[in-house]
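Data first, discussion second: the structure below is written as structure tokens.
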Amino acid sequence: MKRYQHGGGLVEGLVSLTILSVGLLGMAGMQGTLLQEGNESRARMQAGFLASSVLGMAAANPENVGCFIVNSAQSIACTSPDAQAQAQSWTGQVTGALPGAATVPPVVAYDAASGQLTVTLRWQMRGDATVHNFIAATQVSATL
């Protein structure tokens with residue numbers, strides 16, 4: 138009877154090692170998913186900060202709101218080199234902070250009739266076909 142039980146402990150050890158390996162692989166996959174979600178959350182936070190930044194600059198300088206129009210079909214004369222430099226610097230910050238923003242550039246548009254300034258930021262995570270959007274708007278009166 139004893140000789141039929143040889144190797145039973147080895148089989149139990151291999152089964153437990155297999156179960157442990159599957160569990161560790163599951164945890165590694167979950168860790169990868171958490172890292173990806175963290176990166177996406179960081180990009181959304183950066184987009185919110187950058188949108189608020191340009192909206193704040195335009196609201197603080199409403200007579201030069203045309204300088205802050207970026208990648209839009211409309212154009213309003215920009216008479217302030219400082220405001221124009223701020224807008225160009227902001228555009229560089231966007232392309233540097235948001236992944237894939239160089240291929241899907243930001244758009245800042247101004248509706249003179251309603252006084253609404255709208256910022257649309259887009260980015261695309263590496264390995265993801267989805268283009269994410271962040272849209273923010275505020276009222277800016279160009280005439281004081």
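Numbering (this note's numbering), first residue to last: 138 to 281. Beta carbons: idealized from backbone N, C-alpha and C, even for Gly.
Classify Leu-281 as buried or exposed, calling it buried when 16 or more other Cβ atoms lie within 10 Å of its own Cβ.
Below a pLDDT of 50, predicted positions are generally treated as unreliable, and Leu-281, at 46, falls in that range; the measurement from the model is reported next regardless. Classification of Leu-281: exposed, given that the 10 Å Cβ count is below 16.
Distance between Ala-234 and Ile-166 (C-alpha atoms, nearest Å):
The residue asked about is misnamed: residue 166 is Gly in this sequence, not Ile. Cα-Cα distance, rounded: 27 Å.
Proximity of Ala-224 and Gln-253 at Cβ, strictly below 8 Å
no
Any 3 or more C-beta pairs closer than 8 Å across the region 261-278 and the region 181-201:
yes
Between the CA atoms of Val-241 and Leu-265 - distance to the nearest angstrom
Inspection of the sequence shows that residue 265 is occupied by Asp rather than by Leu. Cα to Cα, the separation comes out at about 14 Å.
Simplified DSSP assignment, three categories, for Asp-219
helix
Beta strand (DSSP E) containing Thr-275: first to last residue?
269-276
8 Å contact criterion, which Leu-209 and Val-256 should meet: CB distance rounded:
The sequence shown places Ser at residue 209, not Leu. Not quite, the Cβ-Cβ distance comes to about 11 Å (not below 8 Å), so this is no contact.
Note the first and the last residue of the continuous alpha helix (DSSP H) segment covering Arg-181.
145-197
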